[in-house]
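Numbering (the numbering used here), first residue to last: 8 to 233. Structure record follows, encoded as structure tokens.
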Amino acid sequence: MPHQVTLVIGASRGIGREFVSQLSRDPTHRVIAGVRKPVDFDSSNVVPILLDQSDPESVTRAGTQVSEIDTLIINAAIGADEYLLSTDDERLREYYDTNVIGPLRVVRAFLPALKARNTRQIVFISSESGSLSQQINAKGGFRGPYAVSKAAGNMIVVQLHNELHDQGFTVAAIHPGWVATDMGNATGPGGMPIPESVKGQLDVIVKLEHNASATFFAWDGSIVPW
Ligand SMILES: NC(=O)c1ccc[n+]([C@@H]2O[C@H](COP(=O)([O-])OP(=O)(O)OC[C@H]3O[C@@H](n4cnc5c(N)ncnc54)[C@H](OP(=O)(O)O)[C@@H]3O)[C@@H](O)[C@H]2O)c1
8 MPHQVTLVIG ASRGIGREFV SQLSRDPTHR VIAGVRKPVD FDSSNVVPIL
58 LDQSDPESVT RAGTQVSEID TLIINAAIGA DEYLLSTDDE RLREYYDTNV
108 IGPLRVVRAF LPALKARNTR QIVFISSESG SLSQQINAKG GFRGPYAVSK
158 AAGNMIVVQL HNELHDQGFT VAAIHPGWVA TDMGNATGPG GMPIPESVKG
208 QLDVIVKLEH NASATFFAWD GSIVPW
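Encoded structure:
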């Protein structure tokens, strides 16, 4: 039995891929990499599984393939800087289906695997854009429908905490900072290197204690206001 099992959702590129890379450097760690299309991770302790969090059947199928997880990192999302008043219903539904209902589907599907172990950590990769107080008068970054979806994701963290904390679960959100991924580069150059953000986020996850459930962290360990 491997020492630690972590499932990373949205592992094909960007922050998710770097989570897989850094976690798999520990040979005792088993990493399950949730991807929409096959990816070769070239590492014996990485097991890819196909999972599209916008597709209920895909999530349910993936859930049946995993029996034990210590830590679930829900990282997959879509994002751009758009204005809410010029976002049509279809686009808003796409945001909600991917960034809000998708993560919840994932939690439901992998709850038995999380309950099979005692660690029971659920980590949502959130965004400062989902912080109500930080969005007031925001002049840049990803605003509009992305921010609305990330704020809803934050409330899911709090509600899951309320429903699961007594069963030994720790549910937390992490803002990765502004990171030079496909998504982060959409606002221009200047995002931090991906390994730096992920190293900081993994430090937060390693130190995550049960009584820190329902906390919104930044990648550097500081606290972000909900
Ligand atoms: N980069 C930043 O500056 C920044 C800042 C704040 C928060 N974040 C958050 O950090 C997380 C990772 O962002 P990133 O910058 O690494 O983004 P990214 O480079 O755009 O990568 C997004 C990842 O999510 C996957 N994905 C998208 N829709 C999916 C779906 N329906 N089902 C499964 N996987 C899906 C993508 O898979 P495919 O390759 O198949 O498309 C890809 O692996 C997101 O939650 C984002 O909101 C990022």
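Glycine included, each C-beta is placed from N, C-alpha and C at the ideal position.
**Q.** Cα-Cα separation, Lys122 to Lys146
**A.** Start at 1 with the first residue of the sequence shown, and residue 122 comes out as number 115. Start at 1 with the first residue of the sequence shown, and residue 146 comes out as number 139. The straight-line gap from Cα to Cα measures roughly 42 Å.
Q) Hey, is Tyr84 close to ligand 1, as in C-beta under 6 Å from one of its heavy atoms? A) As a working mapping, residue 84 is identified with position 77 in the sequence shown. The question names Tyr, yet the displayed sequence has Ala at residue 84. Yes; taking the cut-off as 6 Å, the Cβ of Ala84 has a heavy atom of ligand 1 nearer than that.
(Q) Less than 7 Å between the C-beta atoms of Gln208 and Pro183, yes or no? (A) Counting from 1 along the sequence shown, the entry for residue 208 is found at position 201. Counting from 1 along the sequence shown, the entry for residue 183 is found at position 176. Result yes, Cβ atoms of Gln208 and Pro183 sit closer than 7 Å.
Q.
Taking the beta carbon of Tyr153 as the centre, do at least 16 other beta carbons fall within 10 Å, making it buried, or is it exposed?
A. Sequence index remark: in the sequence shown, residue 153 carries index 146 (1-based). Tyr153 should be labelled buried.
Q) How should Asp173 be labelled, buried or exposed, when 16 other C-beta atoms within 10 angstroms of its C-beta is the threshold for buried? A) As a working mapping, residue 173 is identified with position 166 in the sequence shown. Looking at its Cβ environment, which holds fewer than 16 other Cβ atoms inside 10 Å, Asp173 is exposed.
Q) Gly23 to Thr13, Cα distance in whole Å? A) Along the sequence shown, read from residue 1 onward, the residue named residue 23 stands at position 16. Along the sequence shown, read from residue 1 onward, the residue named residue 13 stands at position 6. Roughly 12 Å separates the two Cα atoms.
Q. Under a three-way DSSP split, which group does Ile201 fall into?
A. By one-based count along the sequence shown, residue 201 stands at place 194. Secondary structure of Ile201 (DSSP, three-state): helix.
Q: From the DSSP output, read off the bridge partner residues of His10.
A: Residue numbering aside, residue 10 sits at position 3 when the sequence shown is read from its first letter. In DSSP, His10 forms no bridge with anything.
(Q) Please return the same chain residues whose Cβ sits closer than 8 Å to the Cβ of Gly228, not counting the five positions on each side in sequence. (A) For the purposes of this step, residue 228 is taken as the residue at position 221 of the sequence shown. If we look at Gly228 and ignore the five residues flanking it on each side, its Cβ neighbours are Gly207, Asp210, Val211, Lys214.
Q. Measuring CB to CB, does Ile80 end up less than 7 Å from Val186?
A. For the purposes of this step, residue 80 is taken as the residue at position 73 of the sequence shown. For the purposes of this step, residue 186 is taken as the residue at position 179 of the sequence shown. Cβ atoms of Ile80 and Val186: not closer than 7 Å.
Q: Apply the 10 Å Cβ neighbour rule to Leu118 and answer buried if 16 or more other Cβ atoms are within range, or exposed otherwise.
A: Taking the sequence shown and counting its residues from 1, the one referred to as residue 118 is at position 111. Burial call: buried.
Q: My understanding is that Ala116 touches Val178, with C-beta atoms under 8 Å, so please give their C-beta distance in whole angstroms.
A: Position 109 of the sequence shown, counted from the start, is the residue given in the question as residue 116. Position 171 of the sequence shown, counted from the start, is the residue given in the question as residue 178. At roughly 16 Å, the Cβ-Cβ gap does not stay under 8 Å, so Ala116 and Val178 are not in contact.
**Q.** Other residues of its chain near Ile230: CB distance less than 7 Å, five sequence neighbours each side excluded
**A.** By one-based count along the sequence shown, residue 230 stands at place 223. Closer than 7 Å at Cβ, skipping near neighbours: Thr222, Phe223, Phe224.
Q. DSSP on Val231, reduced to helix/strand/coil?
A. Mapped onto the sequence shown, residue 231 falls at position 224. Note: Val231 maps to coil in three-state DSSP.
Q: Tell me the start and end of each unbroken alpha helix (DSSP H) in the stretch 51-81 that is at least 4 residues and wholly inside, in chain order.
A: 63-71
**Q.** Spatial neighbours of Asp104 in its chain, beta-carbon cut-off 7 Å, leaving aside the 5 residues before and after
**A.** Start at 1 with the first residue of the sequence shown, and residue 104 comes out as number 97. Counting only Cβ-Cβ distances below 7 Å, and skipping sequence neighbours, we find Ser61.
Q. Quick one: what does DSSP say Gly41 is sitting in, helix, strand or coil?
A. Residue 41 sits at position 34 when you count from the first residue of the sequence shown. Taken through DSSP and simplified to helix, strand or coil, Gly41 comes out as strand.
Q. Helix, strand or coil: which one does DSSP assign to Ile163?
A. Locating residue 163 in the sequence shown gives position 156, where the first residue counts as 1. The DSSP-derived three-state label of Ile163 is helix.
Q) Roughly how many angstroms lie between the CA atoms of Ala180 and Ala69, to the nearest whole one? A) For the purposes of this step, residue 180 is identified with residue 173 of the sequence shown, where counting begins at 1. For the purposes of this step, residue 69 is identified with residue 62 of the sequence shown, where counting begins at 1. Taking the straight line from one Cα to the other gives about 23 Å.
Q. How would you call Thr71, buried or exposed, if buried means at least 16 neighbouring beta carbons within 10 angstroms?
A. For the purposes of this step, residue 71 is identified with residue 64 of the sequence shown, where counting begins at 1. Exposed, since its Cβ has fewer than 16 Cβ neighbours within 10 Å.
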